[in-house]
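Take the sequence shown: its letters are residues 4 to 358, numbered as in this note's numbering.
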Amino acid sequence: MWNTVKNRLHLITGPCSAESEEQVHTIARQLSEKGLVDTFRAGVWKPRTRPGTFEGVGEVALSWLADVQRDYKLRASIEVANASHVELALKYGINNFWIGARTTVNPFYVQEIADALANTNSTVLVKNPIHPDAELWSGGIERIQKSCGEKVGAIHRGFSSFQTSQYRNIPRWEIPIELKRRFPDLFLVCDISHIAGKRSLLHEVAQKAIDLGITGLMIETHPNPTAALSDANQQITVEGLQHIIDTLVQKTSGITDATFLNQLEELRAQIDKIDEDILNAISSRLNLTKEIGTYKKENNVTVFQLNRWNEILETRGENGKKLNLDNAFVHKLYETIHAESIRLQTEVVEQKLPR
Ligand code: PEP
Ligand code: MN
Numbered sequence: 004m005w006n007t008v009k010n011r012l013h014l015i016t017g018p019c020s021a022e023s024e025e026q027v028h029t030i031a032r033q034l035s036e037k038g039l040v041d042t043f044r045a046g047v048w049k050p051r052t053r054p055g056t057f058e059g060v061g062e063v064a065l066s067w068l069a070d071v072q073r074d075y076k077l078r079a080s081i082e083v084a085n086a087s088h089v090e091l092a093l094k095y096g097i098n099n100f101w102i103g104a105r106t107t108v109n110p111f112y113v114q115e116i117a118d119a120l121a122n123t124n125s126t127v128l129v130k131n132p133i134h135p136d137a138e139l140w141s142g143g144i145e146r147i148q149k150s151c152g153e154k155v156g157a158i159h160r161g162f163s164s165f166q167t168s169q170y171r172n173i174p175r176w177e178i179p180i181e182l183k184r185r186f187p188d189l190f191l192v193c194d195i196s197h198i199a200g201k202r203s204l205l206h207e208v209a210q211k212a213i214d215l216g217i218t219g220l221m222i223e224t225h226p227n228p229t230a231a232l233s234d235a236n237q238q239i240t241v242e243g244l245q246h247i248i249d250t251l252v253q254k255t256s257g258i259t260d261a262t263f264l265n266q267l268e269e270l271r272a273q274i275d276k277i278d279e280d281i282l283n284a285i286s287s288r289l290n291l292t293k294e295i296g297t298y299k300k301e302n303n304v305t306v307f308q309l310n311r312w313n314e315i316l317e318t319r320g321e322n323g324k325k326l327n328l329d330n331a332f333v334h335k336l337y338e339t340i341h342a343e344s345i346r347l348q349t350e351v352v353e354q355k356l357p358r
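Below, the structure is given as structure tokens:
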């Protein structure tokens, strides 16, 4: 599978952090000898959650990366979090950057970086903000696009959550899918390392990304992962990386088989019809809701009725079960419908309040 997958994938590999000149050179050499790097990543300034942990070696690493670019004919990419990071990196001939998740959350920082990037011919990938907000992610991309035009892409690195999860950052695949809908031509990379958080989950996250049509992977690699100064649990050796890439399966997207395409079209047409029916049904349901809202108002009854809500959840959950629908899904669906019903009924009440 190696060739088909590799041919279509852009690999951004290299250590979480540049730690020493020797470490940077060793991993760059190993990656380039195996052809497992298109862009070499290394963190120079590290955004760490707690102070007192390793925060990157800073400017000295820029000269190591400049050497890597020269010796291995690689593009090096670093994280920048403010204008002075950009200015310093450019002095060393580094003009490939990514914006970290903790920076994308703040439009002031992103704008400052965008201003520093103007007319620098830089390439920039914008990581998603730490919370699942496609709007904020889009805004960050648009700010950078104003300075860098087409040389802007995005990195999906998952989202932090209070929910317990096997992942370090929950993928929430619907968010990068929404981003792709908004920016169809955007180059989108999946940072499987920061989603997985541990080596054992890297392969399945990479496969899922590929199944969704993502054509770039960011993967943290280190000559001696367990001794890494940051993110030791998720970094892998070049051999580990080779194994992952070798065992990924490419799903075809450029399908030419006519029978398959016809069948796909047929199934899609059925789905289109069902979606139309769903929207019609929801619209009828919400119209009834409005009627009930008026009736409640006329009889001085509160909009929210706990007993009724419990009954809806219970009966719809049971009906769903009979249809093999996941209970949590049905619950979520009705929460959304119910929230809209309450909103419409409150509107009815407000319209009737004297001004
Ligand atoms: C990183 O890529 O090393 C990093 C710090 O990423 P993130 O901003 O996704 O946490
Ligand atoms: Mn890291």
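Quick reminder that beta carbons are idealized off the backbone N, C-alpha and C, glycines included.
Check                                                                                                                                                                    : Outcome
Expressed to the nearest angstrom, what Euclidean distance is found between the alpha-carbon atoms of Val113 and Ala84?                                                  : 8 Å
Who are the near neighbours of Leu215 in its chain, counting only those whose CB is closer than 8 Å to its CB and skipping five residues on each side?                   : Trp176, Pro179, Ile180
By a C-beta neighbour count over all protein chains shown, 10 Å radius and 16 as the cutoff for buried, is Asn172 buried or exposed?                                     : buried
Figure out for me which residue from Gln266, Gln245, Leu65, Ser20 has the closest Cα to the Cα of Arg51.                                                                 : Ser20
I need the straight-line Cα distance from Gln253 to Cys151, nearest angstrom please.                                                                                     : 31 Å
Pick helix, strand or coil for Lys299, following the three-state DSSP scheme.                                                                                            : helix
Just checking my contact of Pro18 with Thr224 at CB under 8 Å: how many whole Å lie between their CB atoms?                                                              : 7 Å
Could you tell me the distance, in whole angstroms, from the CA atom of Thr218 to the CA atom of Cys193?                                                                 : 8 Å
Taking a contact to mean a Cβ-Cβ separation below 8 Å, would you say Gly195 touches Leu182 in this structure?                                                            : According to the sequence displayed, residue 195 carries Ile and not Gly. No; because the gap between Cβ atoms is not below 8 Å, this pair is not in contact.
Between Val129 and Ile102, is the Cβ-Cβ spacing less than 8 Å?                                                                                                           : yes
Is it the case that the CB of Ala209 approaches a heavy atom of the ligand PEP more closely than 7 Å?                                                                    : no
Nearest to His341 by CA position, among Thr292, Gln26, Thr42, is which residue?                                                                                          : Thr292
Would you check whether the ligand PEP has a heavy atom nearer than 7 Å to the C-beta of Gly46?                                                                          : yes
For the alpha helix (DSSP H) containing Phe162, list its first residue and its last residue.                                                                             : Counting along the chain, Phe162 falls outside any alpha helix (DSSP H), and DSSP gives it neither H nor E.
Beta carbon of Ser168, beta carbon of His134: below 8 Å?                                                                                                                 : no
Which of the three DSSP states is assigned to Thr29 in this structure?                                                                                                   : helix
Around the Cβ of Ile277, are there at least 16 other Cβ atoms within 10 angstroms (buried) or fewer (exposed)?                                                           : exposed
Can you give me the Cβ contacts of Asp41 inside the same chain, cut-off strictly under 6 Å, excluding the 5 residues immediately before and after it?                    : His13, Leu14
For Lys49, is the classification buried or exposed, using 16 other Cβ atoms within 10 angstroms of its Cβ as the cut-off for buried?                                     : buried
Measure from the alpha carbon of Ser286 to the alpha carbon of each residue in Glu343, Glu314, Val306, Glu90, then state which is nearest.                               : Glu343
Assign Ile97 to one of three DSSP states: helix, strand, or coil.                                                                                                        : coil
Where do the ends of the beta strand (DSSP E) carrying Asp13 lie?                                                                                                        : Just to set this straight, residue 13 is His in the shown sequence, not Asp. Where His13 is concerned, the enclosing beta strand (DSSP E) stretches over 13–17.
Would you kindly report the start and end of the unbroken alpha helix (DSSP H) that includes Lys130?                                                                     : Lys130 -> not in any alpha helix (DSSP H); beta strand (DSSP E) instead, spanning 126–130.
Candidates Arg160, Glu350, Asp118, Gln26: which alpha carbon is nearest Val60's?                                                                                         : Gln26
May I ask you to check if the CB of Ala199 is nearer than 7 Å to at least one heavy atom of the ligand PEP?                                                              : no
Is Asp234 near the ligand MN, in the sense that its beta carbon is under 7 Å from a heavy atom of that ligand?                                                           : yes
In angstroms with no decimal places, state the Cα-to-Cα distance between Thr262 and Asp275.                                                                              : 20 Å
Could you please give the first and the last residue of the uninterrupted beta strand (DSSP E) stretch that includes Gly219?                                             : 219–223
With DSSP as the reference, label Val2 as helix, strand or coil.                                                                                                         : What the structure shows of the chain is the stretch from 4 to 358, and residue 2 is not part of that stretch, so it cannot be assessed.
Excluding the five sequence neighbours on either side, which residues of its own chain have a C-beta within less than 7 Å of the C-beta of Lys76, listed in chain order? : none
Distance check for Thr16 and Phe43, CA to CA, integer angstroms please.                                                                                                  : 5 Å
Give a single yes or no on whether Cys193 has its beta carbon closer than 7 Å to a heavy atom of the ligand MN.                                                          : no
Taking C-alpha atoms, which residue in Tyr298, Gly323, Asn327, His88 lies nearest to Gln348?                                                                             : Tyr298
Using only CA atoms, which one of Ala331, Thr29, Ser23 lies nearest to Val47?                                                                                            : Ser23
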